[in-house]
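J.:
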Amino acid sequence: MSNKNKKGFTLIELLVVVAIISLLASVVLASLKSAREKSRDTARAQTFKSIQNALELYRTDNGKYPNSITQCVNGCDIDPYNFPGGRPNLSSVLVAAYIDLSGAKLGAGPANDFYVGTANGDSYYMYFPPLTASLKNKNLGCGASFPGAGFYCVGMGK
1 MSNKNKKGFT LIELLVVVAI ISLLASVVLA SLKSAREKSR DTARAQTFKS IQNALELYRT
61 DNGKYPNSIT QCVNGCDIDP YNFPGGRPNL SSVLVAAYID LSGAKLGAGP ANDFYVGTAN
121 GDSYYMYFPP LTASLKNKNL GCGASFPGAG FYCVGMGK
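Residue numbers (the UniProt record's numbering): 1 to 158.
Have a look at this one:
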């Protein structure tokens with residue numbers, strides 16, 4: 001009996017097809033990761049815009065921004081005045097009448113680093129570290145970066 005009449009694929013042909021499929025799958029997965037990171041950065045920027053709106057509503061109702069508040073999660077080292085525990089929490093000042101911050105994911109990565117603060121009721125500032133380079137130089141409110149910390153300012157009010 002001759003093997004010439006049998007039809008099928010050789011082992012080499014199957015390995016080439018598997019290698020091509022693996023290569024295509026890795027390219028698709030890499031692009032999806034980048035898209036997810038950009039999506040999270042955009043969602044964080046929108047949440048910061050909501051906080052800006054809440055701060056402006058607070059100012060409209062009270063004639064000034066909240067006095068000396070902070071909201072700092074795992075990134076407190078960027079606080080230039082370093083008042084740990086010395087200021088009220090942003091969530092307690094901007095109660096549900098202005099914004100609901102429960103479950104808000106503002107920072108990057110599992111650490112969820114971000115920083116929001118007001119100095120004396122005249123101004124406020126917000127910083128967060130983007131996951132991707134797409135937001136690093138984008139003007140999201142003030143366009144300034146916190147020197148050397150990798151945190152990018154997304155809002156300032158006066």
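Idealized CB from N, CA, C, for every residue including glycine.
Determine the DSSP secondary structure at Tyr65, reduced to helix, strand or coil.
T.: Three-state result, Tyr65: coil.
J.: Do you know how far the Cα of Ala43 is from the Cα of Lys49?
T.: Straight-line Cα distance between these residues: approximately 10 Å.
J.: Rounded to whole angstroms, what's the CA-CA distance from Val17 to Leu57? Just pull it up for me.
T.: Cα to Cα, Val17 sits roughly 60 Å from Leu57.
J.: Give me, in chain order, the residues of the same chain whose beta-carbon lies closer than 6 Å to that of Phe83; leave out the 5 immediate sequence neighbours on both sides.
T.: Bear in mind that a pLDDT of 38 at Phe83, under 50, signals an unreliable position, so the number given afterwards is only what the model happens to contain. For Phe83, where only same-chain residues beyond five positions count, there are no Cβ hits under 6 Å.
J.: Between Ile12 and Val27, what straight-line distance do the alpha-carbon atoms span, to the nearest angstrom?
T.: If I take the Cα positions, the gap works out to 23 Å.
J.: Rounding to the nearest angstrom, what Cα-Cα distance links Ala30 and Asp41 in this structure?
T.: Approximately 17 Å, taken between the alpha carbons.
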